[in-house]
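J.:
Numbering (this note's numbering), first residue to last: 90 to 236.
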């Protein structure tokens, strides 16, 4: 990432491996150098899991950025991998399977998670995102004494 772009999104640095794996998966389908630049102003994000403090729905790029702004206080990602890209019959829809790996800052414990994201792209912007993840992995990380 160039200097100006990395400065603009510096508060989201802990998520860079996530951003990079997503950009790799939608390469050639969207416009924008950073993940947030690929998202339409009024995009709808749906999360098919319940985690305390995390909404099940977010509307708009601004709200998405606000939700992600605190991520780096709890988890720092080091890698995104195992990307599988599925193109759908509906050419607007792409499904990404991927994993992210990092550590929990409070405990130093490992964080490893798997995702499937169903992404709808219109006019080279992400307009809809449905996210599925291994919510048990998150629960174990933040409840190590109960795992």
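Beta carbons are placed, not taken as given, at the ideal position from N, Cα and C, and that holds for glycine. For clarity, every value in this text was computed on a predicted model and none was experimentally measured.
Please name the residue, chosen from 211, 219, 164 and 209, that lies closest to residue 202 on a Cα-to-Cα basis.
T.: Translated into positions along the chain shown, residue 202 becomes position 113. The candidate whose alpha carbon is nearest that of residue 202 is 164.
J.: Considering just the uninterrupted stretch of the alpha helix (DSSP H) at residue 194, what are its terminal residues?
T.: Your numbering for residue 194 matches position 105 in the chain shown. No alpha helix (DSSP H) holds residue 194; DSSP gives it neither H nor E.
J.: Check whether the region 132-143 touches the region 190-202, taking contact to mean three or more Cβ pairs, one atom from each stretch, closer than 8 Å.
T.: no
J.: My guess is that residue 110 and residue 172 are in contact by the Cβ rule of under 8 Å, so how many angstroms apart are they, rounded?
T.: Within the chain shown, residue 110 is the residue found at index 21, counting from 1. Within the chain shown, residue 172 is the residue found at index 83, counting from 1. Rounded, the Cβ-Cβ distance is 6 Å, consistent with contact.
J.: Roughly how many whole angstroms lie between the Cα atoms of residue 208 and residue 196?
T.: For the purposes of this step, residue 208 is identified with residue 119 of the chain shown, where counting begins at 1. For the purposes of this step, residue 196 is identified with residue 107 of the chain shown, where counting begins at 1. If I take the Cα positions, the gap works out to 33 Å.
J.: Buried or exposed, going by whether 16 or more other CB atoms sit within 10 Å of the CB of residue 225?
T.: Walking along the chain shown from the start, residue 225 turns up at place 136. Exposed, because fewer than 16 other Cβ atoms sit within 10 Å of the Cβ of residue 225.
J.: I'd like to confirm the pairing. Which residues does DSSP put opposite residue 216 in its beta bridges?
T.: The count along the chain shown starts at 1 and reaches residue 216 at position 127. Beta-bridge pairing links residue 216 to no other residue.
J.: Shortest alpha-carbon distance to residue 121 belongs to which of 223, 212 and 174?
T.: The count along the chain shown starts at 1 and reaches residue 121 at position 32. Checked all of 223, 212 and 174; the closest Cα to residue 121 is 212.
J.: Quick check on this structure: which residue in 188, 217 and 218 has the alpha carbon closest to the alpha carbon of residue 166?
T.: By one-based count along the chain shown, residue 166 stands at place 77. Closest by alpha carbon: 188.
J.: Give the straight-line distance between the Cα atoms of residue 124 and residue 107, rounded to the nearest whole angstrom.
T.: Start at 1 with the first residue of the chain shown, and residue 124 comes out as number 35. Start at 1 with the first residue of the chain shown, and residue 107 comes out as number 18. Cα to Cα, residue 124 sits roughly 9 Å from residue 107.
J.: Please list, in chain order, all residues of the same chain as residue 127 whose beta carbon is under 6 Å from its beta carbon, the five residues on each side excluded.
T.: Along the chain shown, read from residue 1 onward, the residue named residue 127 stands at position 38. So the qualifying residues of the chain are 119, 121 and 215.
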